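Engineer: Got a structure for you, questions after.
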Amino acid sequence: MSSFPPFWPCLLPLRSRFHRRREGPSLLAFAPGWSQSVAVKLDLRQKQTFYHELGQFVRSGIPLPQAVESLAQDSRRGPMRQVLTRMSRLFLGGETIPGTFAQLQPTVGPMELALVEAANVSGRLEQAFTYLSNYFGSLDTLRSGLIRQAAWPLVQLHLGIFLLNGVEQFVRTHAFDPAAYALTCGGALGVIYLGAAVLWLAGSALLKAGRRNTGIDRALNLVPLLGRLRRNLALSRFCAAYEMQLQAGVNVMDSLRSSADTSQSARIRAAVDEIIPKVRAGSSVGPLLTGYHVFPTALQRAIRVGEETGSLDADLHRWAEYYQTAAVNNLGTINAWLPKIGFFLIAGYLVYKMVSVYSGVMQQYENVMNFS
């Protein structure tokens with residue numbers, strides 16, 4: 001299994017200038033520039049492909065600037081080609097690898113940038129790209145699985161709304177009014193879609209706030225299914241970044257700060273901020289982590305032993321893989337349970353509508369009996 005964590009999709013700016021096509025075969029001579037007013041988005045699969053292909057070129061010994069130039073020429077028009085074209089231009093202008101990735105922000109996030117900078121210094125770009133490729137691949141697999149498994153329950157929901165609302169209207173009025181039927185079905189679907197959108201936006205906002213607020217971070221980690229996934233991803237990112245920073249020869253304090261930022265966990269960042277003064281005074285990191293529950297006991301012990309034996313980077317590598325594997329297993333569990341939860345919610349709504357129809361029938365029956 002690879003030893004690096006993945007990261008999330010971002011946006012990339014474009015320059016407002018457009019270059020005329022010049023003589024010669026080079027793509028860069030006539031490719032459009034980037035403008036700050038336009039954003040390019042790479043989806044999860046494109047991110048996975050991007051880092052996978054970069055890792056393949058680096059593994060074969062081809063310099064990254066040459067690899068990017070080759071990929072840019074082979075790519076079709078679209079977001080991927082624009083990203084690669086921008087990178088090629090930066091490399092041709094003499095920019096370094098970390099500098100090129102830094103100028104691709106916000107498409108390249110803080111975690112990616114930290115991993116690439118450290119990997120470039122330590123000569124481990126292949127491992128960093130492989131880690132990021134596996135990360136995005138796992139997220140894309142989760143998303144695809146959720147969409148695939150949610151398709152049939154959603155079809156059932158729509159069929160139930162259309163069918164039961166029609167039956168309910170006929171039972172109540174003994175007639176079919178297309179306008180009223182369309183209004184009833186549209187209203188029901190509108191409420192469901194609006195509720196789903198509100199939940200999505202609120203969840204996204206909470207996840208983002210969890211990177212800065214320790215209380216929200218702690219609360220999110222208590223959510224069934226999601227909490228364990230967040231913890232494992234954060235610890236995997238922390239261990240991988242810490243290992244690569246140490247491999248690159250970065251001092252311990254800067255390594256801790258960068259790794260805490262890469263973890264995207266407010267609690268890890270708060271714990272690191274508290275121990276930094278003691279590390280500066282000469283204390284080892286391992287013993288200082290005792291009492292911070294955001295770091296599992298086994299990880300605390302591994303860091304303590306690694307510092308004493310000089311094998312900290314190898315231990316961090318092992319734990320980064322361990323937590324990444326645990327996160328992948330969590331993704332599988334979520335992938336299996338979310339569609340089932342959605343199915344039960346949909347079934348509950350359909351049962352409610354069936355009871356409503358049955359109540360209407362019984363009311364009609366009582367009216368007939370009372371009249372007779």
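Under this note's numbering, the very last position in the sequence shown is 372; numbers go up by exactly one each time.
Note that the Cβ used here is the ideal one computed from N, Cα and C, for glycine as well.
Being a predicted model, the structure only gives us computed values, none of them experimental.
Which same chain residues end up closer than 6 Å to L288 when comparing Cβ atoms and leaving out the 5 residues on each side of it in sequence?
Structural biologist: Looking up residue 288 in the sequence shown gives position 288. If we look at L288 and ignore the five residues flanking it on each side, its Cβ neighbours are I275 and K278.
Engineer: Let me make sure I understand the geometry here. Which of P65, L154 and G109 has the alpha-carbon closest to that of R89?
Structural biologist: Position 89 of the sequence shown, counted from the start, is the residue given in the question as residue 89. Closest option to R89, Cα to Cα, is P65.
Engineer: Which two residues bound the contiguous alpha helix (DSSP H) that contains G394?
Structural biologist: This structure cannot speak to residue 394, because the chain is shown only from 1 to 372.
Engineer: Is it true that the stretch 236 to 254 meets the stretch 320 to 330, where meeting means three or more beta-carbon pairs spaced less than 8 Å apart?
Structural biologist: Yes: at least three Cβ pairs fall under 8 Å.
Engineer: Go to R59, then tell me how far its alpha helix (DSSP H) extends in each direction, as first and last residue.
Structural biologist: For this step, residue 59 is matched to residue 59 along the sequence shown. Taken as a continuous stretch (DSSP letters only), the alpha helix (DSSP H) holding R59 covers L44 to R59.
Engineer: Can you give the Cα-Cα distance for S138 and V328, rounded to whole angstroms?
Structural biologist: Position 138 of the sequence shown, counting from 1, holds the residue named residue 138. Position 328 of the sequence shown, counting from 1, holds the residue named residue 328. Going by the C-alpha atoms only, they are around 7 Å apart.
Engineer: Give the DSSP bridge partners of K278, in chain order.
Structural biologist: Counting from one through the sequence shown, the residue named residue 278 turns up at place 278. For K278, which the question treats as bridged, DSSP gives no partner whatsoever.
Engineer: First and last residue of the alpha helix (DSSP H) that includes V171?
Structural biologist: Within the sequence shown, numbered from 1, the residue matching residue 171 stands at position 171. From DSSP, the alpha helix (DSSP H) with V171 extends over L125 to T173.
Engineer: Quick one, which of V40, A326 and I341 has its alpha-carbon nearest V108's?
Structural biologist: As a position in the sequence shown, residue 108 is number 108, starting the count at 1. It is V40.
Engineer: Have a look at P224, L92, Q48 and I216 and flag the residue whose alpha-carbon is nearest the alpha-carbon of D140.
Structural biologist: On the sequence shown, position 140 is the one that residue 140 refers to. When each option's Cα is compared against that of D140, the closest is Q48.
Engineer: Rank D177, A347 and G227 by C-alpha distance to the C-alpha of L159 and give the top, closest one.
Structural biologist: Translated into the one-based positions of the sequence shown, residue 159 becomes position 159. Closest option to L159, Cα to Cα, is A347.
Engineer: How about D217 and S259: do their beta carbons lie closer than 7 Å?
Structural biologist: For this step, residue 217 is matched to residue 217 along the sequence shown. For this step, residue 259 is matched to residue 259 along the sequence shown. No.
Engineer: Sort Y352, S283, G282 and D254 by Cα distance to R269 and report the nearest one.
Structural biologist: Sequence index remark: in the sequence shown, residue 269 carries index 269 (1-based). When only C-alpha atoms are compared, the closest one is D254.
Engineer: According to DSSP, is N232 part of a helix, a strand, or is it coil?
Structural biologist: On the sequence shown, position 232 is the one that residue 232 refers to. Residue state, collapsed to three classes: helix.
Engineer: My understanding is that E126 touches G55, with C-beta atoms under 8 Å, so please give their C-beta distance in whole angstroms.
Structural biologist: By one-based count along the sequence shown, residue 126 stands at place 126. By one-based count along the sequence shown, residue 55 stands at place 55. So it is a contact: roughly 5 Å between Cβ atoms.
Engineer: Between which two residues does the alpha helix (DSSP H) carrying G99 extend?
Structural biologist: Residue mapping note: residue 99 aligns to position 99 of the sequence shown, counting from 1. Taken as a continuous stretch (DSSP letters only), the alpha helix (DSSP H) holding G99 covers I97 to A102.
Engineer: Find out if the Cβ-Cβ distance for the pair M111, T262 is shorter than 7 Å.
Structural biologist: As a working note, residue 111 is residue 111 in the sequence shown. As a working note, residue 262 is residue 262 in the sequence shown. Yes. Within cutoff.
Engineer: Using a threshold of 7 Å, state whether the C-beta atoms of Y292 and A271 are closer than that.
Structural biologist: Here residue 292 refers to the residue found at position 292 of the sequence shown. Here residue 271 refers to the residue found at position 271 of the sequence shown. Taking 7 Å as the Cβ cut-off, Y292 and A271 qualify as a contacting pair.
Engineer: Consult DSSP for A248 and reduce its assignment to one of helix, strand or coil.
Structural biologist: Position 248 of the sequence shown holds residue 248. In the structure shown, A248 sits in coil (DSSP, three-state: anything other than H, G, I, E or B).
Engineer: So the alpha helix (DSSP H) F91 belongs to, where does it begin and stop?
Structural biologist: On the sequence shown, residue 91 is found 91 positions in, with the first residue counted as 1. Start and end: P79 to L92.
Engineer: Among Y131, P153, A314 and E53, whose alpha-carbon lies nearest the alpha-carbon of G342?
Structural biologist: Within the sequence shown, residue 342 is the residue found at index 342, counting from 1. Residue P153 is the option with its Cα nearest to G342.
Engineer: Less than 6 Å between C-beta atoms, sequence neighbours within five positions excluded: which residues of the same chain meet that for I161?
Structural biologist: For this step, residue 161 is matched to residue 161 along the sequence shown. Correct list, in chain order: C185 and A188.
Engineer: How many angstroms separate the CA atom of S35 from the CA atom of Q103?
Structural biologist: Within the sequence shown, numbered from 1, the residue matching residue 35 stands at position 35. Within the sequence shown, numbered from 1, the residue matching residue 103 stands at position 103. Its pLDDT being 41, under 50, S35 is placed unreliably in this model, and the coordinates cannot settle the point.
Engineer: Is the beta carbon of N330 less than 7 Å from the beta carbon of G145?
Structural biologist: Working through the sequence shown from its first residue, we reach residue 330 at position 330. Working through the sequence shown from its first residue, we reach residue 145 at position 145. In this structure, G145 does not lie closer than 7 Å to N330 by Cβ.
Engineer: Cα separation between A374 and L194?
Structural biologist: With the chain running from 1 to 372 in the structure shown, residue 374 is simply not present.
Engineer: Once you ignore the five residues that flank S75 on each side, which residues in its own chain have a CB closer than 7 Å to its CB?
Structural biologist: Mapped onto the sequence shown, residue 75 falls at position 75. Once the five neighbours on either side are set aside, the close Cβ partners of S75 are R81 and L84.
Engineer: Should G306 go down as buried or exposed, given a rule of 16 or more other Cβ atoms within 10 Å for buried?
Structural biologist: The residue given as residue 306 occupies position 306 in the sequence shown. The residue in question, G306, is buried, as its Cβ has 16 or more Cβ neighbours within 10 Å.
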